[in-house]
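Following: one structure in structure tokens, then a few remarks.
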Amino acid sequence: MFWLITATLLSFGFGQLWKVSQRRGLNAPAVISTNYLTIATCLLTYFWWSGTLDFSGPVLLVGGSTGLSFIISLLVMTHALKRANVGVVLTSFRLSILIPIVFGVLVWNENASALQFLGIILALVSLALMTRNSAGNPSTGSLLLIVIVFALQGIAHCCMRWIHYADLDPMRMHVLCITALIGGGLGAVFVAIRGSTFSTSELKMGLGIGLFNLVALTTSLTALSLYQGILFFPINGSAVVILDNLFAQYVWREPISRTGLIGVILGVLSMVLIFQ
Numbered sequence: 427m428f429w430l431i432t433a434t435l436l437s438f439g440f441g442q443l444w445k446v447s448q449r450r451g452l453n454a455p456a457v458i459s460t461n462y463l464t465i466a467t468c469l470l471t472y473f474w475w476s477g478t479l480d481f482s483g484p485v486l487l488v489g490g491s492t493g494l495s496f497i498i499s500l501l502v503m504t505h506a507l508k509r510a511n512v513g514v515v516l517t518s519f520r521l522s523i524l525i526p527i528v529f530g531v532l533v534w535n536e537n538a539s540a541l542q543f544l545g546i547i548l549a550l551v552s553l554a555l556m557t558r559n560s561a562g563n564p565s566t567g568s569l570l571l572i573v574i575v576f577a578l579q580g581i582a583h584c585c586m587r588w589i590h591y592a593d594l595d596p597m598r599m600h601v602l603c604i605t606a607l608i609g610g611g612l613g614a615v616f617v618a619i620r621g622s623t624f625s626t627s628e629l630k631m632g633l634g635i636g637l638f639n640l641v642a643l644t645t646s647l648t649a650l651s652l653y654q655g656i657l658f659f660p661i662n663g664s665a666v667v668i669l670d671n672l673f674a675q676y677v678w679r680e681p682i683s684r685t686g687l688i689g690v691i692l693g694v695l696s697m698v699l700i701f702q
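Taking my numbering, the leading residue of the sequence shown gets 427, the next gets one more, and so forth.
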């Protein structure tokens, strides 16, 4: 339980740091890239110091796939936030946990009790309610972007879960290192192709988020090594959004809607059922 709760709190913290970055108007791809390169640098330095700077084929495969899915997902979501309704994009991003849940049941034979499945369904409903936006229907182009965000983030979640089923839990930090190296490297290439540069503010913010994210991702991977994905993803997703809404209400002074409040209540109920 400790790792699950800690992973949730750290995921929430990462989201708040990202919100600070957005409020400062920093270039998202530059901050994302610096974040990942910071993680990779820290881990490579540690592996070199400890004499464990060795990466097997499976580590390179899973880590590379995860890094590729992470950076593409985040870059596409950043683009989608500029082209489509923010609330709809974020809802798609949050509900992408449905993909690893379905994949876990159909491919990895994960299972849960009837009450836990009811909790999973309530968690998905609560996510939809808490991120619901009253804007009109999206255009065809925007709808395609939203579907792509949903699919790519779901694939990224599946890659995180793949670490466990590839029997790489003992090497999860090495997988994370390759993930961060690929994600940060490709992100930096993307920034360079766009003709952008890394400002001092973006480097500082990316460094700070990267150090925090190193702890957050390490904790999440540890939790995923101990709990089934069909339990981890709905609990983590719902709890983080509940905390986001409450924090927005009382810290950022962003009032929560009645629909959002209903979502919070359903989210709490879903976690009670999932923990049965």
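Even for Gly, the Cβ is constructed at its ideal location relative to N, Cα and C.
Distance between beta carbons of residue j and residue i, contact taken as under 8 Å
| i | j | result |
| --- | --- | --- |
| Phe658 | Leu650 | 6 Å |
| Val617 | Ala456 | 5 Å |
| Thr460 | Phe638 | At roughly 13 Å, the Cβ-Cβ gap does not stay under 8 Å, so Thr460 and Phe638 are not in contact. |
| Phe519 | Gln579 | 5 Å |
| Leu486 | Ile604 | 6 Å |
| Val641 | Leu516 | So it is not a contact: roughly 24 Å between Cβ atoms. |
| Gly636 | Thr492 | At roughly 16 Å, the Cβ-Cβ gap does not stay under 8 Å, so Gly636 and Thr492 are not in contact. |
| Gly655 | Arg587 | 4 Å |
| Leu548 | Leu695 | 6 Å |
Under the three-state DSSP convention, the category residue i falls into
| i | result |
| --- | --- |
| Glu536 | coil |
| Asn639 | helix |
| Arg520 | helix |
| Gln542 | helix |
Boundaries of the alpha helix (DSSP H) in which residue i is found, first to last residue
| i | result |
| --- | --- |
| Arg509 | 483-509 |
| Trp461 | Per the sequence shown, the amino acid found at residue 461 is Asn instead of Trp. Counting along the chain, the alpha helix (DSSP H) containing Asn461 begins and ends at 454-476. |
| Val677 | From DSSP, Val677 is part of no alpha helix (DSSP H); its letter is neither H nor E. |
| Thr685 | 684-700 |
| Ser625 | That residue, Ser625, is in no alpha helix (DSSP H); it is neither H nor E in DSSP. |
| Leu479 | Note, Leu479: premise wrong, no alpha helix (DSSP H); not H, not E. |
| Gln448 | 428-449 |
Minimum Cβ-Cβ distance from residue i to chain D less than 9 Å
| i | result |
| --- | --- |
| Leu541 | Among the protein chains of the structure shown there is no chain D, as only one such chain exists. |
Where residue i falls, given that 16 or more other Cβ within 10 Å makes a residue buried
| i | result |
| --- | --- |
| Trp475 | exposed |
| Gly489 | buried |
| Gly562 | For Gly562, the pLDDT reaches just 49, beneath the cut-off of 50, and the residue's location in the model is therefore unreliable, although a value from the coordinates is still provided. Label assigned to Gly562: exposed. |
| Gly632 | buried |
| Gln448 | exposed |
| Gly451 | exposed |
| Ser622 | exposed |
| Pro596 | exposed |
| Val575 | buried |
| Ser560 | Because the pLDDT at Ser560 is just 48, under 50, the model does not fix this residue reliably, and the point stays unresolved. |
| Phe428 | exposed |
| Ala540 | exposed |
| Tyr653 | buried |
| Ile700 | buried |
| Val446 | exposed |
| Asn537 | exposed |
| Val698 | exposed |
| Asn671 | buried |
| Ile619 | exposed |
| Leu532 | exposed |
**Study point:** alpha helix (DSSP H) runs contained entirely in the stretch 546-609, provided each spans 4 or more residues
**Key:** Counting only runs of 4 or more, we get 566-591.
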